[in-house]
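Encoded as structure tokens, the structure appears first; notes follow it.
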Amino acid sequence: MNTIDRFRTAVEERDVDALEALFAPEPRFFSPIKFTPFEGRTMVLGVFGVLLRRVFEEFRYVGELHGTAETAAGEAADSHVLIFRSVVNGKQIHGIDLIQLDEEGLIEEFTVMVRPLSAVTTLGAAVHAALVAEGLLPGQS
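Structure representation (structure tokens):
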């Protein structure tokens, strides 16, 4: 089973612990709710924990595409797009996960794109609240 198959299985089973071995030492997670990426294995795995345990309901992958694409660093990478559907706080979300692998086949960059705008807003609020609750982001004072 390759990295993408293992990733997909771990996400669908909500097994955050199984994700750790799939990420490069310094992965970047590009989110639709934050301009700069979440960086580093601890933070990226923390974000996945929040998404899978607190935010997404009825999450499922519905398709997959594969090819080569440029990373944020300008390098060509083995790239996979997993198409998903989910529910967040009663809102239907349709999105894609763009997964880019390093030369060892580990996840180096992970980009999430979702639609519609109302779902992005709902997702952003839910993720922010959960990250604060988990102590991964500071609360507002």
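99 is the number that the UniProt record's numbering gives to position 99 of the sequence shown; each next residue is one higher, with no gaps. All C-beta atoms in this analysis are idealised placements derived from N, C-alpha and C, irrespective of residue type, glycine included.
Backbone CA spacing between residue i and residue j [nearest angstrom]
i: Arg41; j: Glu26; result: 6 Å
i: Arg53; j: Arg14; result: 7 Å
i: Met113; j: Ile33; result: 10 Å
i: Gly139; j: Val132; result: 6 Å
i: Leu123; j: Leu98; result: 18 Å
i: Met1; j: Thr68; result: 20 Å
i: Glu64; j: Glu39; result: 25 Å
i: Val120; j: Asp78; result: 27 Å
i: His66; j: Ser31; result: 20 Å
Spatial neighbours of residue i in its chain, beta-carbon cut-off 8 Å, leaving aside the 5 residues before and after
i: Phe43; result: Strictly speaking, residue 43 in this sequence is Met, with Phe absent from that position. Counting only Cβ-Cβ distances below 8 Å, and skipping sequence neighbours, we find Phe29, Leu136.
i: Leu19; result: Phe7, Ala10, Val11, Leu45, Phe48
Per-residue burial, residue i [other beta carbons within 10 Å of its own, 16 or more giving buried]
i: Gly74; result: exposed
i: Glu70; result: exposed
i: Ser118; result: exposed
i: Ala126; result: buried
i: Asp102; result: buried
i: Asp5; result: exposed
Beta-carbon gap between residue i and residue j smaller than 8 Å
i: Thr36; j: Gly105; result: no
i: Arg59; j: Phe84; result: Rather than Arg, the amino acid found at residue 59 in this sequence is Phe. Yes, these two residues count as a Cβ contact at 8 Å.
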